[in-house]
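Undergrad: Counting from 189, one number per residue, gives the positions in the sequence shown under my numbering. Using N, Cα and C, we set each Cβ at its ideal position, and we do this for glycine too. Quick one: the structure is below, questions incoming.
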Amino acid sequence: MEQRTQKQLIIGFIFVLIVSGIGYGFVDYFLITEATCFDNTKNGQEEGVDCGLLACGVACEPAIMPLNIQSQKLIEIEPGDYDFVSRVNNPNSFFGAILARYSLVLSAEDGTSFNKTGTFYMLPGQTRYLIVSGIRSNSVLNDGVLNITEVEWGKVEEFENISFPIQSKNYAVIDKNGTFSEFEAIILNNSDFDFDKVEVGVVLFGEDNNIVAADKTDIRTFISRTERYFKVSWPVKLPANIARQDIEVLTNVFENSNFIKRYGTQERFQKYY
Numbered sequence: 189m190e191q192r193t194q195k196q197l198i199i200g201f202i203f204v205l206i207v208s209g210i211g212y213g214f215v216d217y218f219l220i221t222e223a224t225c226f227d228n229t230k231n232g233q234e235e236g237v238d239c240g241l242l243a244c245g246v247a248c249e250p251a252i253m254p255l256n257i258q259s260q261k262l263i264e265i266e267p268g269d270y271d272f273v274s275r276v277n278n279p280n281s282f283f284g285a286i287l288a289r290y291s292l293v294l295s296a297e298d299g300t301s302f303n304k305t306g307t308f309y310m311l312p313g314q315t316r317y318l319i320v321s322g323i324r325s326n327s328v329l330n331d332g333v334l335n336i337t338e339v340e341w342g343k344v345e346e347f348e349n350i351s352f353p354i355q356s357k358n359y360a361v362i363d364k365n366g367t368f369s370e371f372e373a374i375i376l377n378n379s380d381f382d383f384d385k386v387e388v389g390v391v392l393f394g395e396d397n398n399i400v401a402a403d404k405t406d407i408r409t410f411i412s413r414t415e416r417y418f419k420v421s422w423p424v425k426l427p428a429n430i431a432r433q434d435i436e437v438l439t440n441v442f443e444n445s446n447f448i449k450r451y452g453t454q455e456r457f458q459k460y461y
């Protein structure tokens, strides 16, 4: 190969390198957005907002799924007196509902409606009852629709097992100074924690597996490894034989003030952020 030809090839190769470098720089500067892992924006090669193993070296958290209302029912106990029962599921394995707000829309036959609002909480993966009892109305109610309006989420790092086994229970219709229905039970706090407040829900089912009544109550200052008695009642003889009773015992583990202090320190159940 002649010296002149070799020189031309070398010059051409250098020219191609220069043009390629300029082109890459243009694309990199104007068209490719660098991953910035602290700007609360998904950009560059990030798989999510400020996350992704390739871009940020941090895996993205799974997307938070909304709470799922599995069932809901409005029950007339007697004229003007109603209970409402819903079954709610938290499909998230790591995120708990620290504070969930709901609105219950109650509709009457005359076309009027009114709302009842409240709050509740849920652990990751939990399914629980949401009971609204003692609903009073001068109009005949024919429907109740639950809407979850807002949820404050928290990722639960770790939590210990807390259980409240039922030691004994009894349902009876009492005919004394009037007829009413009564459910009573004894619960054990089978944990190492003392709780300021424990919530108890009772749902009664007839022989056809339909809910016929529900109620709830609180147990205050529930000491570890002790038993407590509770009772709920309805001012009527319920219209069906009670074939099953669901008792659900819950306590708010997201509220640190719910853990009674021991030896001057606040007990902690969970770590979350």
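Work out the CA separation of D269 and V424 for me, nearest whole Å.
TA: Translated into positions along the sequence shown, residue 424 becomes position 236. Translated into positions along the sequence shown, residue 269 becomes position 81. Whole-angstrom Cα-Cα distance: 11 Å.
Undergrad: Span of the beta strand (DSSP E) holding L242?
TA: Within the sequence shown, numbered from 1, the residue matching residue 242 stands at position 54. Taken as a continuous stretch (DSSP letters only), L242 belongs to no beta strand (DSSP E), being part of the alpha helix (DSSP H) at 241 to 244.
Undergrad: Between N378 and the rest of its own chain, which residues show a CB-CB distance below 6 Å, the 5 nearest in sequence each way excluded?
TA: What you label residue 378 is simply residue 190 of the sequence shown in a count that begins at 1. Cβ neighbours of N378 beyond the five flanking positions: S351, P353.
Undergrad: Taking the Cβ atom as the reference point for each residue, do K304 and S291 lie within a distance shorter than 9 Å?
TA: Taking the first residue of the sequence shown as 1, we reach residue 304 at position 116. Taking the first residue of the sequence shown as 1, we reach residue 291 at position 103. Cβ atoms of K304 and S291: closer than 9 Å.
Undergrad: Using the Cβ count rule (16 or more neighbours within 10 Å means buried), how would you classify N278?
TA: By one-based count along the sequence shown, residue 278 stands at place 90. Taking every protein chain shown into account, the CB of N278 has 16 or more other CB atoms within 10 angstroms, so this residue is buried.
Undergrad: Along the chain, where does the beta strand (DSSP E) containing D269 start, and where does it finish?
TA: What you label residue 269 is simply residue 81 of the sequence shown in a count that begins at 1. Taken as a continuous stretch (DSSP letters only), the beta strand (DSSP E) holding D269 covers 269 to 277.
Undergrad: Under 8 Å: do the stretch 409 to 419 and the stretch 379 to 399 share three or more Cβ pairs, one atom per stretch?
TA: Yes, since at least three Cβ pairs between the stretch 409 to 419 and the stretch 379 to 399 fall closer than 8 Å, the two stretches touch.
Undergrad: Go through its chain and collect everything with a Cβ distance to E443's Cβ below 6 Å, but skip five positions before and after it.
TA: To locate residue 443, count along the sequence shown from 1; it is residue 255. For E443, where only same-chain residues beyond five positions count, there are no Cβ hits under 6 Å.
Undergrad: At what residues does the beta strand (DSSP E) containing A285 begin and finish?
TA: Taking the sequence shown and counting its residues from 1, the one referred to as residue 285 is at position 97. Its beta strand (DSSP E) spans residues 283 to 296.
Undergrad: If you measure between the beta carbons of S145 and S274, is that distance less than 9 Å?
TA: Because the chain spans 189 through 461 in this model, residue 145 falls outside it and cannot be assessed.
Undergrad: Alpha carbons only, please: which of N358, T315, P267, A360 is nearest the one belonging to S325?
TA: As a first step, residue 325 must be located in the sequence shown, where it is residue number 137. The shortest CA-to-CA distance from S325 to any of N358, T315, P267, A360 is the one to P267.
Undergrad: Check S356 in the structure and name its three-state DSSP category.
TA: Residue mapping note: residue 356 aligns to position 168 of the sequence shown, counting from 1. Reduced to three states, the DSSP call for S356 is strand.
Undergrad: Please determine, among L426, I448, S301, the residue with the shortest C-alpha to C-alpha distance to T367.
TA: Looking up residue 367 in the sequence shown gives position 179. Among L426, I448, S301, the Cα nearest to that of T367 is on L426.
Undergrad: Please check the pair E395 and A431, which I expect to be a contact at CB under 8 Å, by giving their CB distance rounded to whole angstroms.
TA: What you label residue 395 is simply residue 207 of the sequence shown in a count that begins at 1. What you label residue 431 is simply residue 243 of the sequence shown in a count that begins at 1. With a Cβ gap of about 5 Å, E395 and A431 count as contacting.
Undergrad: What number of angstroms, rounded off, separates the C-alpha of G256 from the C-alpha of W341?
TA: Here residue 256 refers to the residue found at position 68 of the sequence shown. Here residue 341 refers to the residue found at position 153 of the sequence shown. A quick correction: the sequence has Asn, not Gly, at residue 256. Answer to the nearest angstrom: the Cα atoms are 14 Å apart.
Undergrad: I263 and A401: beta carbons closer than 9 Å?
TA: By 1-based counting over the sequence shown, the position of residue 263 is 75. By 1-based counting over the sequence shown, the position of residue 401 is 213. Contact: yes.
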